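For reference, the structure discussed in these notes is given below.
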Amino acid sequence: MAGKPFIHPYIPNAVPETKEAMLRELGLSSIEEIYAEIPDRLRFKGELDIPPAILSERALRKHVQGLLDKNSSSVDYLNFCGAGCWQHHVPAIVDEVINRAEFVSAYCGGDYSDLGKYLTRFEFNSMLGELLDLDGVANPIYDWGDVAGRSFRMARRITGRDKVLVPAHMSPMRLMEARTLCQPEAMPTSTKIRFYEWDRETGMVDLADLKAKLDDSIAAVYWESPGYLGTIEAGGAEIVKLAHEVGALAISGVDPVTLGVLAPPGAIGADIACGDIQALGMHMHAGGGCSGFIGFRDDDPKFAQECPLELYTVLETATPGQYAVGEALAERTSYGARDQGKDWVGTASGLWTIAAAVYMAVMGPQGFKELGETCIARSHYAAQRLGELAGVEIKLSPSFFKEFVVDFGGTGKTVAEINKKLLGHEIFGGKDLSAEFPELGQSALYCVTEYYDQADIDTLVSAVKEVTA
Amino acid sequence: MSEQMKKAAQEKVARLARLRRDGGVLHDYRAPRWDEPFIMEQGTPGERGVLVPLAEDGVKAAVGEAADYIPEGMRRAAAPDLPELSQHQVLRHYLRYSQMTLGMDLGSDISEGTCTMKYSPKMHEELIRGHRAADLHPWQDEDTMQGLLEIVYNTGQYLKSISGMDAFTLQPGGGSHAVFTNACVMRAYFETRGELGQRDEMITTIFSHPCDAATPMVAGFKVITVMPDENGYPDLEAFKAAVSERTVGCMITNPEDTGIYNPQIDKYVEILHAAGALAFTDQANANGILGYARARDAGFDACHFNLHKTFSSPHGCEGPATGAYMCTEELAKYLPVPVVTKTGDTYHLDYDRPESIGRVRGFLGNWMGVIRAYAWIRNMGPDGLKEVAEISVLNNNYLDNLLMAVKGVSRPYAEGHRRLDQVRYSLEQLKEDTGVGTEAIRDRMVDFGIQSMWMSHHPWVVPEPFTPEPCETYSKADLDEWAAVIKKAVDEAYADPQFVLDSPHEQPIDQMRRTEALEDPDQWAFTWRKYKKKFLKQS
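Line order of the protein sequences matches chains A and B. Its first residue numbered 1, the first sequence is counted upward by one per residue in the numbering used here. Its first residue numbered 470, the second sequence is counted upward by one per residue in the numbering used here.
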């Protein structure tokens, strides 16, 4: 690096005088003497195939921003696609808090030095517990599909049974993730996924089919509400009852942003709830805004003991009235027990739990109620108007929260064609369901949240009318 | 000036003099202390933190009451018991919590070894917060996110060059998740070959990260853990004995968490390959070898990187993070879908991969971390990456020199060999001499504005361990300060052990109590509602 014309601003000890002084302290003449620890045959002697450095902050900013500006965002366009990652309004206060350098930069600092992080984490768990109506909430990790698979494994450990029943219209993407965690069936420790049917007219689960498939080999019954196809499941309480009758657990997959108006998993009697907190104040980040949670009943310690994620309990300190937060049952995690632990934990999605804590605190009960009412009203308005178009039909039950299935079969056009043409109107159309659910024909899953107002919806309807004509 | 004020001024001067002796400059630090009630205990019914849009009259006229669309029994009966606060009060609360979080930017995260707590450039935060990064929908047409795909594709190419591998995925949501991805790729490889029934054992080492043991268990394998020999290297004879026709492969770190580079690492790989097994290396500790040693050159079939450690993306209070998984051409067909590909000048998401393991994560991944890593790699260039490695190794050896001069500190294993990116030390002697162990030192050092030190993963093979990692971010003065804090705390332990055992003294809260709640079902409370029921007798 001799003769290098600059000192990198992120490497203070690159200053030659400093480097020399440090080497002198060590009695070394060069750093190469330390690298003698790597034998010559294992040393890389080539040139890394990486372009030369873009040095100045201005030039780098221009270069990367130039790449990002090739994207069209959901601010540039109107976006009516959800399907597991939803565009809700993110209050400015959320970004203000999570952009604090302390929170952005913190990692696994101690109980005292990073106290604020742990207090926020406990408040997140507590407020999500209120939404879910459950006493136990664990520290979230990657996303809904991941925690669905982990919930299945958790149920297997609690019950000692190895089959889980899931509805056949469960999100195909979440199912893929869960399968990865549940192992190929030939493996002795696999969790077997079995399906129960759904009503093709309404989108509700087929309770008779579920009942027929339940026996004492079933560890858990999983259902989603609102389901992937948007419908609010009417049979939740009955699913719980049927599961419990055979000693199986009831696992509720849920989008917590709906819980200002919809009955929470705890009230329905679910043993475990899982889902994504992305709608609680996260930007979509092309899916990077997702983060999966697990909540559970805490009237039996087995749930906490078999929970695969980190748990935090409130503690007190030497000063009366002062609270602390500590990691509970740490020895059961992979950090405590390696391959004898409950699945694994690692770097998860801490910053998003802080965002969600701020979001829940500013929304309050009234905010969640109004948000729910607006989502329902505007999505139904959009469905009603789209359904009036020639060849366009709204499928499944009118019980939906923000997403609904639009069948374009009558237009003679495919969803793919329609969505391509909508791009010309600067609109992202709904998720194409034709490959995932062939029985729905040329259908798309549309999403309308509180983010888009009546005028935006009218713009969508005009554009769809034009491109389907 | 009153006598009292004079006395206070003299005490302050004396305190600063005490702090600044012994060669290092210590801060006269007191952590911010806000006696802040939980947010669930604040506010008044009726206060609002933010207003949400209400449906327009035209919408309401068209669709009627929202509640009518909710099935019987699915309407929420009682409103969630969330706080009701105005916006300033919520902001103030979480700003106070942020002040009571030292994080990395304020302090010195040399303490958090194995984590490579390097500086995360602020410009990168501006990049990911812009709407053309933050407000992209994962299912939007790939034609409308060509810029993002180009960044991801090119980052993959750079990581291929750094590792020597042929293929990549950036789908995993963290380092352990990338390690899990490996276990699944190996599983698919042997499933395809019809050997999954025969091969069910994964080998790791005790100084490899716990996820190298835990994730193959989740993937369905039995795990064999090799212990170190007297020099701290994974015992080669034990390793040989562990390998058989039942072996899937290995998942090991090099350098391990001891910072010792295993000079025979390629021999371990050869033993595995001779048995028809595969070899993966966990590269959480890659910072000191960037541009100096490549996983593929040692024969490995796959490896990973943490974009949130080695490649500068911040840790965000433990995520979201990005795990990069790299592998050979032979294993590429098993990568999770979608894979980012390039044809001519356009980029694609390839889902048509019939032998793929499927998914480890929904959508695309945490690509905020990829944008930051891309910017960082482009900013460093090939020479800058090597300089990162060189300075991190120099910093580590410089700090080692200072710490080994501190009474009560020892460095087990591999006498005469230098460590690369980090060192696992022991305070066993201090504990024997004073009764003060590594946990008490950890809780004392934070009183100097230095982040709490990472001791070791479990089990503690090294007694009373601690593991600093002074990566390239830190200046010589930072290293001097860190060593001076350890010396200060150790000196205090020899002079007045109870004072250190009663630590911390300058933190937002006092020493924790009722810690039996960490294990006792009758005492734990994971949510405030549970705490209220159990201890405040409220429901």
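Here a beta-carbon is modelled for each residue, glycine too, at the ideal position from N, C-alpha and C. Since we're looking at a predicted model, the values are computed, not measured.
Rounded straight-line distance, which links the Cα of residue j to that of residue i
i	j	result
A208 of chain A	K192 of chain A	21 Å
A250 of chain A	T159 of chain A	12 Å
Q442 of chain A	L386 of chain A	15 Å
P823 of chain B	L48 of chain A	32 Å
N700 of chain B	A36 of chain A	17 Å
Q454 of chain A	I539 of chain B	21 Å
M671 of chain B	W929 of chain B	22 Å
G470 of chain A	M573 of chain B	Missing from the structure shown is residue 470 of chain A; chain A here goes from 1 to 469 and no further.
S225 of chain A	E233 of chain A	5 Å
M592 of chain B	I54 of chain A	14 Å
N756 of chain B	I272 of chain A	40 Å
A524 of chain B	Y196 of chain A	37 Å
G350 of chain A	A953 of chain B	32 Å
A743 of chain B	N723 of chain B	21 Å
Three-state class that DSSP yields for residue i in the structure shown
i	result
P301 of chain A	helix
E450 of chain A	coil
A2 of chain A	Any reading at A2 of chain A needs caution, since the residue's pLDDT is 45, under 50, leaving its predicted position unreliable; the model's value is listed next. Correct three-state label for A2 of chain A: coil.
M981 of chain B	strand
W86 of chain A	coil
V419 of chain A	What sits at residue 419 of chain A in the sequence shown is Asn, not Val. Helix at N419 of chain A.
C584 of chain B	coil
S443 of chain A	strand
G813 of chain B	coil
P398 of chain A	coil
N754 of chain B	coil
Y894 of chain B	strand
T459 of chain A	helix
V553 of chain B	In the sequence on display, residue 553 of chain B carries Glu and not Val. Note: E553 of chain B maps to strand in three-state DSSP.
Y761 of chain B	coil
Within chain B, partners of residue i - CB distance below 7 Å
i	result
I193 of chain A	What I193 of chain A touches in chain B: nothing, since even the nearest Cβ is about 12 Å away.
K117 of chain A	T570, C786
E185 of chain A	The contacting residues do not exist; E185 of chain A stays about 10 Å from chain B at best.
K431 of chain A	W608
Neighbouring residues, chain A, relative to residue i (Cβ below 7 Å)
i	result
V915 of chain B	G110, Y112, S113
G616 of chain B	L67, L68, D69, K70, N71
N866 of chain B	L26, I34
Contact set between residue i and chain B, taken where Cβ atoms lie within less than 8 Å
i	result
E197 of chain A	The contacting residues do not exist; E197 of chain A stays about 19 Å from chain B at best.
R174 of chain A	G831
W223 of chain A	Here the premise fails: no neighbours, minimum Cβ distance about 12 Å.
I251 of chain A	Near I251 of chain A there are no residues of chain B at all, since even the closest Cβ is about 17 Å away, more than 8 Å.
H63 of chain A	R847
Residue i: contacting residues in chain A (beta-carbon distance under 8 Å)
i	result
I579 of chain B	Within 8 Å Cβ-Cβ: nothing; I579 of chain B doesn't reach chain A, min ~12 Å.
F649 of chain B	W344
W1055 of chain B	It is not possible to answer for residue 1055 of chain B, since the shown part of chain B is limited to 470 through 1008.
Whole-angstrom C-beta distance between residue j and residue i, which should lie under 8 Å
i	j	result
P365 of chain A	E553 of chain B	7 Å
G110 of chain A	R656 of chain B	Not quite, the Cβ-Cβ distance comes to about 37 Å (not below 8 Å), so this is no contact.
Y335 of chain A	H926 of chain B	7 Å
L948 of chain B	L868 of chain B	5 Å
G129 of chain A	R297 of chain A	Their Cβ separation, rounded to whole angstroms, is 11 Å, which puts G129 of chain A and R297 of chain A out of contact at 8 Å.
Y816 of chain B	Y622 of chain B	5 Å
P977 of chain B	M569 of chain B	4 Å
A536 of chain B	R544 of chain B	6 Å
A355 of chain A	M282 of chain A	6 Å
F637 of chain B	D669 of chain B	Actually they are not in contact, since the Cβ atoms of F637 of chain B and D669 of chain B sit about 27 Å apart, beyond 8 Å.
Proximal chain B residues relative to residue i, where beta-carbon distance stays under 9 Å
i	result
L386 of chain A	Per Cβ cutoff of 9 Å: no residues; L386 of chain A is ~12 Å from chain B at best.
A148 of chain A	Simply none; closest approach about 10 Å.
Can you check the region 174-218 of chain A for any alpha helix (DSSP H) of at least 4 residues that lies completely inside it and give the ranges in chain order? With a minimum length of 4 residues, the unbroken runs of alpha helix (DSSP H) contained wholly in the region 174-218 of chain A fall at 207-213.
Complete runs of the alpha helix (DSSP H) confined to the region 11-45 of chain A [at least 4 residues]: Fully enclosed alpha helix (DSSP H) runs of 4 or longer: 16-26, 32-35.
Any chance you could list the beta strand (DSSP E) runs of at least 3 consecutive residues sitting entirely within the region 291-377 of chain A, in chain order? Entirely contained in the region 291-377 of chain A, the beta strand (DSSP E) runs reaching 3 residues are, in chain order, 292-296, 311-317, 323-328.
Any chance you could list the alpha helix (DSSP H) runs of at least 4 consecutive residues sitting entirely within the region 122-178 of chain A, in chain order? 144-159
In chain order, what are the residue ranges of uninterrupted alpha helix (DSSP H) at least 4 long that sit wholly in the region 676-734 of chain B? 680-687, 705-711
Contained alpha helix (DSSP H) runs [length at least 4] in the region 854-925 of chain B, N- to C-terminal order: If only uninterrupted alpha helix (DSSP H) runs of at least 4 residues are considered, those enclosed by the region 854-925 of chain B are 897-903, 907-914.
Could you tell me which whole beta strand (DSSP E) segments of length 3 or greater appear in the region 501-584 of chain B? Assignment of beta strand (DSSP E) within the region 501-584 of chain B, counting only whole runs of 3 or more residues, yields no such run.
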